[in-house]
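First up is the structure itself, then whatever we jot down about it.
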Amino acid sequence: MNHSVEWKVQLHHYEEQLVIIEELRSKQLEKYILKQHGLTKELEQLLESYMQEIKRRLTLHNAPEEQLVMLNTNVEIEYVEDGFIDTYSIVAPDEIDPEQGKISLLSPVGSQLLLAPLHKQMELSTPAGTMTIRVISIKEQLT
């Protein structure tokens with residue numbers, strides 16, 4: 000596929016993501032917040048940062064060189080301590096399927112991975128504790 004055509008498909012994909020995020024902000028965020036007290040401001044800031052990144056990408060004429068974890072991406076992470084590799088798909092809350100590795104961008108792990116750049120080493124807080132991870136692969140799920 001021609002790189003220009005690929006970028007146009009990706010731009011359309013980003014426009015769809017803006018619609019999804021707007022819906023999340025208006026509908027699902029409130030439901031999620033009711034269950035997770037105290038996260039309103041943090042999640043709102045995360046969604047705002049995400050929307051700004053999408054809008055920035057929509058102004059580009061070519062695909063950005065920096066890969067970031069986005070909605071509808073598969074992200075492969077390596078746990079630095081033991082070298083274990085895990086793969087997650089970052090999805091909208093109504094598409095989660097833990098058995099398939101599909102986690103919500105609003106979940107504790109999903110929200111920490113969202114917008115993380117490729118090769119970033121970071122601390123990831125999980126129910127099992129805080130672990131150092133590295134983002135080793137990011138793949139878009141263009142439909």
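Quick note: the sequence shown uses numbering that gives the first Met the number 0, first residue 0, plus one each step. Think of the CB as a built atom: it goes at the ideal place given N, C-alpha and C, for glycine as much as any other residue. Quantities reported herein were computed from a predicted structural model and do not represent experimental measurements.
Looking only at P63, Q99, G82 and T86, the smallest Cα-Cα distance to V74 is reached by T86.
CA-CA distance, E15 to M50, rounds to 11 angstroms.
For the options K54, T72 and L45, the alpha carbon positioned closest to that of S136 is the one of T72. By a beta-carbon distance limit of 8 angstroms, L112 contacts V68. Their separation comes to about 5 angstroms. Residue environment analysis places L70 among the buried positions, since at least 16 neighbouring C-beta atoms fall within 10 angstroms of its C-beta. A buried status is given to A115, since no fewer than 16 other beta-carbon atoms sit within 10 Å of its beta-carbon.
Straight through space, the alpha carbons of G100 and G82 are spaced by roughly 19 angstroms. Contact check between the segment 92 to 109 and the segment 55 to 67: fewer than three CB pairs, one atom from each, fall below 8 angstroms, which does not count as touching.
Here L10 is not near R55, since their CB atoms are 9 angstroms or more apart.
For the segment 48 to 92, the continuous beta strand (DSSP E) assignments of 3+ residues that do not extend past its boundaries occur at 72 to 78 and 84 to 90, in sequence order.
Of all alpha-carbon atoms in S124, G128, L17 and E77, the one lying nearest the alpha-carbon of S48 is that of L17.
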